[in-house]
Amino acid sequence: MLTIAIAINKILGILSFAILAQCLMTWVPGGTQNKVYEILTTITDPIQYPIRNVMYKYINGPIDFTPVISILLINLARRFIFVILL
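First residue of the sequence shown? That's 78 in my numbering, and the numbers climb one at a time after it.
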C-alpha cells in the first residue's frame with residue numbers, strides 16, 4: 078500500500094507542476110504557441126475544464142482562478158490519499 082500511495086503522490090505532484098508550468102508559460106510572449114504548452118494543456122485540461130466551467134457560472138471576472146483551485150484540490154487529494162492508504 079505504501080508504494081501505491083507514493084506513486085499516486087508523485088503523479089499528483091507532477092500534475093500540480095504541469096498546471097504551474099502552464100500558468101507561467103501564459104506570461105511569456107509566444108508561450109502559448111509552443112508545443113510544450115500544447116502538451117501541458119492536454120495533460121491539465123481534464124482537471125481544469127470542469128472547474129473553469131463552474132467558476133465562469135459564478136465568478137465572471139478578468140482573472141482566472143482555475144489553476145489555483147486546481148492545485149488546492151490536488152493537494153487536498155494528495156493528503157486524503159495518504160491518510161486513507163497509510
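All C-beta atoms in this analysis are idealised placements derived from N, C-alpha and C, irrespective of residue type, glycine included.
Bear in mind that the values here come from a model prediction, so they are computed numbers and not experimental data.
Problem set entry | Straight-line gap, Gly108 to Thr118 (C-alpha atoms, nearest Å) | Distance between the alpha carbons of Gly108 and Thr118: 12 Å.
For this session: Count the other C-beta atoms from every protein chain shown that fall within 10 angstroms of the C-beta of Leu92, then say buried if there are 16 or more, exposed otherwise.
Result: Burial call: buried.
For this session: Using the Cα positions of Val131 and Asn137, report the straight-line distance between them to the nearest angstrom.
Result: Each residue's Cα considered, the two are about 10 Å apart.
Exercise. Are Thr143 and Gln125 touching if we call contact CB-CB under 7 Å?
Worked result: If you check the CB distance, Thr143 and Gln125 come in under 7 Å.
Exercise. Leaving out the 5 sequence neighbours to the left and right, which residues in its chain are closer than 7 Å to Ser147 when beta-carbon positions are compared?
Worked result: Closer than 7 Å at Cβ, skipping near neighbours: Ile96, Ile124, Gln125, Ile128.
For this session: Just the C-alpha distance for Val165 and Ile158, rounded to the nearest angstrom, thanks.
Result: Nothing in the structure corresponds to residue 165, since the chain is present only between 78 and 163.
Exercise. Three-state secondary structure (DSSP) at Pro106?
Worked result: DSSP places Pro106 in coil when its eight states are reduced to three.
For this session: State yes or no: is the C-beta of Arg156 within less than 7 Å of the C-beta of Leu89?
Result: Between Arg156 and Leu89, the CB-CB gap reaches or exceeds 7 Å.
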